[in-house]
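Written out below as structure tokens is the structure these notes cover.
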Amino acid sequence: MLMVVFIVGCNNSAPNGGTAPVKEPKSDSFFVFDTIVSIRIYDDKATEKNFQEIKELTHVIDTQISRNLDTSEISKVNQAAGKAAVHVSDKTFYVVQKALMYSELSKGQFDLTIGPLVSLWGIGNEGAHVPTKPDLDAALTKINYKDVLLDESKKEIKLAKEGMEIDLGAIGKGYAADEIADYLLKNNFNSAIIDLGGNIFALGVKPDGSQWNIGIQDPKEERGNQIGKMKVNNKTIVTSGIYERFFVENGVHYHHILSPQTGYPVNNNLSSVSIVTDKSIDADGLSTSVFALGLEEGKKFVDGLDNVEAIFVTADQKVYITDGLKGNFDLTNEMYQLCEFSNN
Ligand code: ADP
Ligand code: MG
Numbered sequence: 033m034l035m036v037v038f039i040v041g042c043n044n045s046a047p048n049g050g051t052a053p054v055k056e057p058k059s060d061s062f063f064v065f066d067t068i069v070s071i072r073i074y075d076d077k078a079t080e081k082n083f084q085e086i087k088e089l090t091h092v093i094d095t096q097i098s099r100n101l102d103t104s105e106i107s108k109v110n111q112a113a114g115k116a117a118v119h120v121s122d123k124t125f126y127v128v129q130k131a132l133m134y135s136e137l138s139k140g141q142f143d144l145t146i147g148p149l150v151s152l153w154g155i156g157n158e159g160a161h162v163p164t165k166p167d168l169d170a171a172l173t174k175i176n177y178k179d180v181l182l183d184e185s186k187k188e189i190k191l192a193k194e195g196m197e198i199d200l201g202a203i204g205k206g207y208a209a210d211e212i213a214d215y216l217l218k219n220n221f222n223s224a225i226i227d228l229g230g231n232i233f234a235l236g237v238k239p240d241g242s243q244w245n246i247g248i249q250d251p252k253e254e255r256g257n258q259i260g261k262m263k264v265n266n267k268t269i270v271t272s273g274i275y276e277r278f279f280v281e282n283g284v285h286y287h288h289i290l291s292p293q294t295g296y297p298v299n300n301n302l303s304s305v306s307i308v309t310d311k312s313i314d315a316d317g318l319s320t321s322v323f324a325l326g327l328e329e330g331k332k333f334v335d336g337l338d339n340v341e342a343i344f345v346t347a348d349q350k351v352y353i354t355d356g357l358k359g360n361f362d363l364t365n366e367m368y369q370l371c372e373f374s375n376n
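This is how it looks when you write it as structure tokens:
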């Protein structure tokens with residue numbers, strides 16, 4: 033059955049008041065997971081050593097789950113595809129388990145075995161181009177989350193078919209944000225902003241006890257331009273969009289969220305999806321899943337989950353928010369319109 037979303041009551045945005053000043057944080061930023069990680073800790077006790085330890089822990093995560101390092105645990109699983117089960121650390125197992133869970137929940141729109149397709153497109157790499165149909169078809173035969181076999185008691189992962197490759201790009205940064213948040217809490221830092229290339233974890237509350245004001249990126253503009261903002265405390269906000277990594281060929285824009293069905297970038301009139309929830313690994317897994325599901329299916333999916341809210345931005349500059357964000361999300365960009373979902 034074809035579901036139609038009728039749009040009623042699109043309102044133009046109203047500019048909103050400024051952000052309350054907070055005291056100067058201790059901050060650092062560095063490059064890992066192909067992205068800029070920036071940490072602001074609102075506590076004068078934060079030291080150089082803390083930032084160094086955070087950097088190291090992200091480096092360890094990279095050596096466990098990166099597909100770009102031949103020696104990572106995930107690469108070892110991929111290298112043994114079709115041959116053997118590989119024992120991995122508890123943490124890597126957990127991330128794969130989560131990625132498999134979102135593959136199942138999204139009925140394969142999110143698929144953790146997307147690796148061969150990601151490699152073929154090479155989006156974000158120099159020389160990226162549209163692959164040939166035979167190459168796409170060959171890659172698609174290797175993608176199927178149902179062929180990921182997990183042995184929880186042994187912490188072993190096996191890929192059933194040769195050539196399969198797990199790619200945790202859609203969930204890894206969220207996991208890393210959670211690990212950084214855990215580190216901060218264990219070290220008694222309760223007020224911080226963790227930002228992994230736009231994947232945000234707003235830890236605790238501002239030093240003055242008020243809520244954080246988090247901006248939602250304008251998918252059409254350079255980083256830092258916002259469509260709106262929202263007040264949160266102790267929440268993570270993760271966005272998947274068509275603007276982060278893409279290339280243009282013959283005037284067509286090819287972005288990095290790929291359909292495991294067609295082999296091409298997901299094409300559904302969405303520009304971005306932001307997820308607001310408690311754990312960043314979930315927000316990251318969900319942002320990619322919900323993006324791939326599209327506006328209508330994605331909204332239904334989010335409504336079925338506890339404590340998960342979403343902001344959808346369409347290519348025609350409409351913004352849809354789930355009920356839990358009403359009264360909390362402020363549209364501040366007059367190029368966009370806030371619209372209501374309406375059931376068929
Ligand atoms: P970002 O990396 O910008 O935070 P996402 O969290 O949406 O964005 O992840 C996109 C990455 O996820 C891609 O670069 C690729 O590695 C991987 N990916 C692409 N399509 C899919 C898909 N359908 N299912 C799972 N992972 C995907
Ligand atoms: Mg994601």
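Start counting the sequence shown at 33; every next residue gets the next number (this note's numbering). In this text, a Cβ means the ideal position worked out from N, Cα and C, and glycines have one as well. Since the model is a prediction, treat every value here as computed from it, not as a measurement.
Could you tell me how far apart the beta carbons of residue i and residue j are, in whole angstroms, since I believe they sit closer than 8 angstroms?
i           : j           : result
residue 298 : residue 323 : 7 angstroms
residue 232 : residue 246 : 6 angstroms
residue 273 : residue 312 : About 17 angstroms; that fails the 8 angstroms criterion.
If you draw a straight line from the alpha carbon of residue i to that of residue j, how long is it in whole angstroms?
i           : j           : result
residue 54  : residue 75  : Bear in mind that a pLDDT of 46 at residue 54, under 50, signals an unreliable position, so the number given afterwards is only what the model happens to contain. Between residue 54 and residue 75, the C-alpha separation is close to 11 angstroms.
residue 302 : residue 238 : 32 angstroms
residue 188 : residue 367 : 50 angstroms
residue 90  : residue 122 : 16 angstroms
residue 180 : residue 132 : 8 angstroms
residue 57  : residue 169 : 50 angstroms
residue 151 : residue 248 : 29 angstroms
residue 117 : residue 171 : 22 angstroms
residue 59  : residue 333 : 37 angstroms
residue 124 : residue 354 : 32 angstroms
residue 281 : residue 163 : 11 angstroms
residue 101 : residue 265 : 36 angstroms
residue 209 : residue 275 : 21 angstroms
residue 351 : residue 260 : 10 angstroms
residue 347 : residue 252 : 9 angstroms
residue 328 : residue 344 : 10 angstroms
residue 196 : residue 325 : 23 angstroms
residue 176 : residue 254 : 35 angstroms
residue 279 : residue 69  : 23 angstroms
residue 330 : residue 214 : 29 angstroms
residue 149 : residue 120 : 24 angstroms
residue 296 : residue 88  : 36 angstroms
Could you have a look at residue i and say whether DSSP puts it in helix, strand or coil?
i           : result
residue 135 : helix
residue 286 : strand
residue 212 : helix
residue 149 : helix
residue 182 : strand
residue 310 : coil
residue 84  : helix
residue 245 : strand
Please classify residue i as buried or exposed, where buried requires at least 16 neighbouring CB atoms within 10 angstroms.
i           : result
residue 242 : exposed
residue 369 : buried
residue 284 : exposed
residue 159 : exposed
residue 104 : buried
residue 309 : buried
residue 270 : buried
residue 374 : exposed
residue 217 : exposed
residue 185 : exposed
Query raised in the report: Three or more C-beta pairs closer than 8 angstroms, one from the stretch 304-323 and one from the stretch 121-138: is that the case here?
Result: In short, these stretches touch, since the Cβ pair count reaches three.
Query raised in the report: How do the stretch 190-210 and the stretch 97-107 stand: do at least 3 beta-carbon pairs fall below 8 angstroms, yes or no?
Result: Using a Cβ-Cβ distance cut-off of 8 angstroms, the stretch 190-210 and the stretch 97-107 are in contact, since at least three pairs of beta carbons, one from each stretch, lie closer than that value.
**Report entry** Stretch pair the stretch 110-128 + the stretch 219-233: three plus CB contacts closer than 8 angstroms
**Finding:** The stretch 110-128 vs the stretch 219-233: no contact.
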